[in-house]
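K.L.:
From first to last, the protein sequence lines stand for chains P and G. Under the UniProt record's numbering, think of the first position of the first sequence as 1, with each following residue one higher. Under the UniProt record's numbering, think of the first position of the second sequence as 1, with each following residue one higher. Just so you know, even glycine gets a beta-carbon here, dropped at the ideal spot from N, CA and C. Predicted model only: the values in this text are computed from it and were never measured. Structure below; questions to follow.
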Amino acid sequence: MFAYIVRRLFAVIVMLLVVILVTFGIFFAIPKFTGSDPALMYVGKQADPAAIEGIRQKLGLGEPILEQFWNFVRGIFAGRDYASANDSVHCPAPCFGYSFRHESPIWPELTSRLPVTLSLAGGACVLWVTGGVLTGVVSALKRGTVWDRTAMTVALSGVSLPIYFTALLSLAVFKYKLGWVGGEYTSFGDDPGSWFGGLILPWVTLAFLYAAMYARLTRATMLEVLGEDYIRTARAKGLAEPVVIGKHAMRSTMTPILTVLGMDLGALVGGAILTETAFSLPGLGQAAVAAINERDLPMILGVTLITASAVVFANLVVDLLYAVIDPRVRLS
Amino acid sequence: MTTAAAPSPASGPASGPGEPPTAFLDVRDLRIHFPTDDGLVKSVDGLSFQLEKGRTLGIVGESGSGKSVTSLGIMGLHTVGQYGRGKARISGEIWLDGKELMSADPDEVRRLRGREMAMIFQDPLSAMHPYFTIGHQIVEAYRVHHSDAGKKTARKRAVELLDRVGIPQPDRRVDDYPHQFSGGMRQRAMIAMALVNNPELLIADEPTTALDVTVQAQILDLIRDLQKEFGSAVIVITHDLGVVAELADDILVMYGGRCVERGPAEQLFSAPRHPYTWGLLGSMPRIDREQTERLIPVKGSPPSLINIPSGCAFNPRCPYADVPAGGITRTERPELRLVTGAAGGPGGGQHWSACHMAEEERTRIWTEEIAPKL
Numbered sequence: 001m002f003a004y005i006v007r008r009l010f011a012v013i014v015m016l017l018v019v020i021l022v023t024f025g026i027f028f029a030i031p032k033f034t035g036s037d038p039a040l041m042y043v044g045k046q047a048d049p050a051a052i053e054g055i056r057q058k059l060g061l062g063e064p065i066l067e068q069f070w071n072f073v074r075g076i077f078a079g080r081d082y083a084s085a086n087d088s089v090h091c092p093a094p095c096f097g098y099s100f101r102h103e104s105p106i107w108p109e110l111t112s113r114l115p116v117t118l119s120l121a122g123g124a125c126v127l128w129v130t131g132g133v134l135t136g137v138v139s140a141l142k143r144g145t146v147w148d149r150t151a152m153t154v155a156l157s158g159v160s161l162p163i164y165f166t167a168l169l170s171l172a173v174f175k176y177k178l179g180w181v182g183g184e185y186t187s188f189g190d191d192p193g194s195w196f197g198g199l200i201l202p203w204v205t206l207a208f209l210y211a212a213m214y215a216r217l218t219r220a221t222m223l224e225v226l227g228e229d230y231i232r233t234a235r236a237k238g239l240a241e242p243v244v245i246g247k248h249a250m251r252s253t254m255t256p257i258l259t260v261l262g263m264d265l266g267a268l269v270g271g272a273i274l275t276e277t278a279f280s281l282p283g284l285g286q287a288a289v290a291a292i293n294e295r296d297l298p299m300i301l302g303v304t305l306i307t308a309s310a311v312v313f314a315n316l317v318v319d320l321l322y323a324v325i326d327p328r329v330r331l332s
Numbered sequence: 001m002t003t004a005a006a007p008s009p010a011s012g013p014a015s016g017p018g019e020p021p022t023a024f025l026d027v028r029d030l031r032i033h034f035p036t037d038d039g040l041v042k043s044v045d046g047l048s049f050q051l052e053k054g055r056t057l058g059i060v061g062e063s064g065s066g067k068s069v070t071s072l073g074i075m076g077l078h079t080v081g082q083y084g085r086g087k088a089r090i091s092g093e094i095w096l097d098g099k100e101l102m103s104a105d106p107d108e109v110r111r112l113r114g115r116e117m118a119m120i121f122q123d124p125l126s127a128m129h130p131y132f133t134i135g136h137q138i139v140e141a142y143r144v145h146h147s148d149a150g151k152k153t154a155r156k157r158a159v160e161l162l163d164r165v166g167i168p169q170p171d172r173r174v175d176d177y178p179h180q181f182s183g184g185m186r187q188r189a190m191i192a193m194a195l196v197n198n199p200e201l202l203i204a205d206e207p208t209t210a211l212d213v214t215v216q217a218q219i220l221d222l223i224r225d226l227q228k229e230f231g232s233a234v235i236v237i238t239h240d241l242g243v244v245a246e247l248a249d250d251i252l253v254m255y256g257g258r259c260v261e262r263g264p265a266e267q268l269f270s271a272p273r274h275p276y277t278w279g280l281l282g283s284m285p286r287i288d289r290e291q292t293e294r295l296i297p298v299k300g301s302p303p304s305l306i307n308i309p310s311g312c313a314f315n316p317r318c319p320y321a322d323v324p325a326g327g328i329t330r331t332e333r334p335e336l337r338l339v340t341g342a343a344g345g346p347g348g349g350q351h352w353s354a355c356h357m358a359e360e361e362r363t364r365i366w367t368e369e370i371a372p373k374l
């Protein structure tokens, strides 16, 4: 088990380095080869030549690409100074970049938005896992019945309806027509009640989309597991059916659900762009959209790094949970 | 030995419905049918047999002959957990130790499962849950029927049984997972799990099929020893005549969901009276036979259990289908008839077979045509 954890952690470090390398490559190295000027992209269109030259110096774009990369990585751990002939800005560690457009480091902006996205993803995740798995299990056990067909039809609609449709629909009905929910996003620390009130609609909307997928996945997996020999053995031992399902079948059904959950959660932490935009939640997704609109490249880079890291970490958690669930992973 | 009632021409050797059982396990006219989109699959269609404690019955047949379905039927496993699948249609009577199981409350049958009747499955790797330790699975089997037993008692019992079935260092291996055991060890653990509650009926469904040949012999020895020790009734289900030759006191040959021949083991090996049994014997490889001599396979494939031919189910594959039927017409289904010419085995076991041909004709074919080639 210990060796397994060490191996996984090592893999995570390598993955993160690859993530940084690829991200850096996309934002700095490729423009160099295609002949476009990163400095131009970093300041926006209306900048005067002097400002562009200043940024070019600050980013060290004239230096060899490897040195640029080294400065970039070192900045993450030690912070860095962006200096030109005229002025200098300091970006404290962890420095994921500096937005010349907003004249501020990226990291504080990212960390202020992260709780919003985590609240949204976490709450929705609890909802969709509970709802999806329960629906899937009941559907599997009642295969072919009216319940099964209804649940799977609803699930199909959940999978196929785009979030910007369900989000606007639920906003129109529950917020503007009925007035049941409302309010802006409030942080949990300020007021848990209005934190909950502001997020319940996004949670349900987002969870509906994912719960539908999880219900279908759970149903299919459960039906497969129920056909396994060891389920027959469990029954032959004289175990009651709730134990056979709840313990023996459920344990095996969790594995694929966990796999998908790791990827979904990781991707969501990078920002549920559509959901955050539709519900005006000041999360990472919204920051990404704003940054793209403003051509604020450092911000886009920052969000990309956070998203990729979130996926890597979520998968680490999944791998460790695998080991807890499946002894073959832990002991091999 | 089977203490069959007087032969009744309609249902073969069986007691009438509702009458008290004549043996420890008394299966009467068991029918297990599965409705499918293609039609009704008659997996078991009128099977009757008896089994006493301390005896071993070997049920032999090809894949799809209904032998595994029969064993699951006795365990009552066709009626639980059939979520949304077509419900199996089961009729007949199963008397176990004086109780009729088919009409019993399902929860009562569940409490008998694992305690009075237990089962060993074919593939011990897939038959054990990969995520739980061997010990956990045995303890679970024990505690479900001994709710007052503490975890320590149950664990001691698990270690004791693992030791009994020949697992080295059982107090350490009890915490291993199934994948850490070899195939033979897993089957031993499976046997330990089945025996943890001292069941009076043990059903072994192809217990050696998934194992190496050397391990097969060990497992067969183990089953035989344990039966002597526990004195339980054992049903061994197999397609391998070698296995039944090792273990069985009586043999029941199934074909197309029905019994085509049954009797004491030595009788079935020395004087079988059904062409299908001849075919099984002829297709068994033997070391003492010249390699130039070819095996005699049973030609064709097992019958569809949806459209079982009227008359004899074996007829399309029977090499003697053109021999004139003795006494009954070819379109009629042959019922089990007592083989009169055969001497009763030890314990007075009777020999039955279901064939159109007259007995003298079959005796002649066996002694003149089949036996010399084996």
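#1: One question on the structure: do Gly166 (chain G) and Leu222 (chain G) come within less than 8 Å of each other, judged by their Cβ atoms?
#2: Quick one: does Tyr4 (chain P) have its CB under 8 Å from some CB of chain G?
#3: Can you check whether the CB of Ala127 (chain G) is closer than 8 Å to the CB of Asp229 (chain P)?
#4: Answer yes if the region 305–318 of chain P comes into contact with the region 15–33 of chain P, meaning at least three C-beta pairs across the two stretches below 8 Å, and no otherwise.
#5: For Tyr176 (chain P), does the count of other Cβ atoms within 10 angstroms reach 16, so buried, or fall short, so exposed?
#6: The beta strand (DSSP E) that contains Arg258 (chain G), what's its start and end?
#7: Would you call Glu93 (chain G) buried or exposed, if buried means 16 or more other Cβ atoms sit within 10 Å of its Cβ?
#8: Determine the extent of the alpha helix (DSSP H) in which Arg364 (chain G) is found, giving its start and end residues.
#9: Is there contact between the region 256–266 of chain P and the region 66–78 of chain P, where contact requires at least three CB pairs shorter than 8 Å?
#10: For Lys53 (chain G) and Glu100 (chain G), I'd like the C-alpha separation in whole angstroms.
#11: Would DSSP call Val19 (chain P) helix, strand or coil?
#12: Return the first residue and the last residue of the alpha helix (DSSP H) that Gly158 (chain P) is part of.
#13: Helix, strand or coil: how does DSSP classify Leu96 (chain G) here?
#14: Is the Cβ-Cβ distance between Ala140 (chain P) and Tyr131 (chain G) less than 8 Å?
#15: Taking the straight line between their C-alpha atoms, what separation do you get for Gly283 (chain P) and Leu199 (chain P)?
#16: DSSP state of Gln267 (chain G), grouped into three classes?
#17: Quick one: complete alpha helix (DSSP H) runs, 4+ long, within the region 222–254 of chain P?
#18: Can you tell which of P:Pro64, P:Thr117, P:Thr23 has its C-alpha closest to the C-alpha of Ala308 (chain P)?
#19: Run through DSSP, which three-state label would Trp352 (chain G) get?
#20: Under a three-way DSSP split, which group does Gly347 (chain G) fall into?
#21: Chain B partners of Asp123 (chain G), CB-CB under 9 Å?
#22: First and last residue of the beta strand (DSSP E) that includes Ala154 (chain G)?
#23: For Ala23 (chain G), return the contacting residues in chain P, with the cut-off set at a CB-CB distance below 8 Å.
#24: Could you round the C-beta distance between Thr320 (chain P) and Ile5 (chain P) to whole angstroms and report it? I think they count as a contact, below 8 Å.
#25: Does the beta carbon of Pro130 (chain G) sit closer than 8 Å to a beta carbon anywhere in chain P?
#26: Any C-beta of chain P sitting closer than 8 Å to the C-beta of Leu77 (chain G)?
#27: For Pro105 (chain P), which of helix, strand or coil comes out of DSSP?
#28: Could you compute how far the alpha carbon of His102 (chain P) sits from the alpha carbon of Pro94 (chain P)?
#29: Tell me which residue opens and which closes the beta strand (DSSP E) that Met254 (chain G) is part of.
#30: Buried or exposed: where does Gln169 (chain G) fall if 16 or more other Cβ atoms within 10 Å of its Cβ makes it buried?
#31: Quick one: give me the first and last residue of the alpha helix (DSSP H) that Met1 (chain P) is part of.
#32: Closest to Pro207 (chain G) by CA distance: which of G:Leu47, G:Asp37, G:Ser71, G:Pro20 is it?
#33: I need the straight-line Cα distance from Leu51 (chain G) to Ile325 (chain P), nearest angstrom please.
#34: Restricting to Cα atoms, I'd like to know which of G:Ile306, G:His351, G:Trp366 is closest to Asp37 (chain G).
#35: Among the candidates G:Phe24, G:Thr363, G:Val69, whose CA atom is the shortest distance from the CA of Ser270 (chain G)?
#36: Less than 8 Å between the beta carbons of Leu211 (chain G) and Gln187 (chain G), yes or no?
P.N.:
On the basis of the supplied data:
#1: In this structure, Leu222 (chain G) lies closer than 8 Å to Gly166 (chain G) by Cβ.
#2: no
#3: Taking 8 Å as the cut-off, the Cβ atoms of Asp229 (chain P) and Ala127 (chain G) count as close.
#4: yes
#5: exposed
#6: 258–264
#7: Burial of Glu93 (chain G) is indicated by the presence of at least 16 other C-beta atoms within 10 angstroms of its C-beta.
#8: Per DSSP, Arg364 (chain G) is one residue of the alpha helix (DSSP H) stretching across 359–365.
#9: no
#10: Distance from the CA atom of Lys53 (chain G) to the CA atom of Glu100 (chain G), rounded to whole angstroms, is 17 Å.
#11: helix
#12: 146–160
#13: Reduced to three states, the DSSP call for Leu96 (chain G) is strand.
#14: Against a cut-off of 8 Å, the Cβ pair of Tyr131 (chain G) and Ala140 (chain P) comes out as no contact.
#15: 12 Å
#16: helix
#17: Runs of the alpha helix (DSSP H) inside the region 222–254 of chain P: 229–236.
#18: When only C-alpha atoms are compared, the closest one is P:Thr23.
#19: Looking at Trp352 (chain G) - three-state DSSP - the assignment turns out to be strand.
#20: Residue confidence is low: Gly347 (chain G) scores 45 on pLDDT, short of 50, so the model does not pin down where it sits. Its coordinate-derived value is still stated next. Coil, per DSSP.
#21: Of the chains in the structure shown, none is chain B; the protein chains are P and G.
#22: That residue, Ala154 (chain G), is in no beta strand (DSSP E); its alpha helix (DSSP H) goes 151–164.
#23: The contacting residues do not exist; Ala23 (chain G) stays about 22 Å from chain P at best.
#24: According to the sequence provided, residue 320 (chain P) is Leu. The question's Thr does not apply to it. Yes, they are in contact, since the Cβ atoms of Leu320 (chain P) and Ile5 (chain P) sit about 7 Å apart, within 8 Å.
#25: Closer than 8 Å: yes.
#26: yes
#27: strand
#28: 18 Å
#29: 250–255
#30: exposed
#31: From DSSP, Met1 (chain P) is part of no alpha helix (DSSP H); its letter is neither H nor E.
#32: G:Ser71
#33: 43 Å
#34: G:Ile306
#35: G:Thr363
#36: yes
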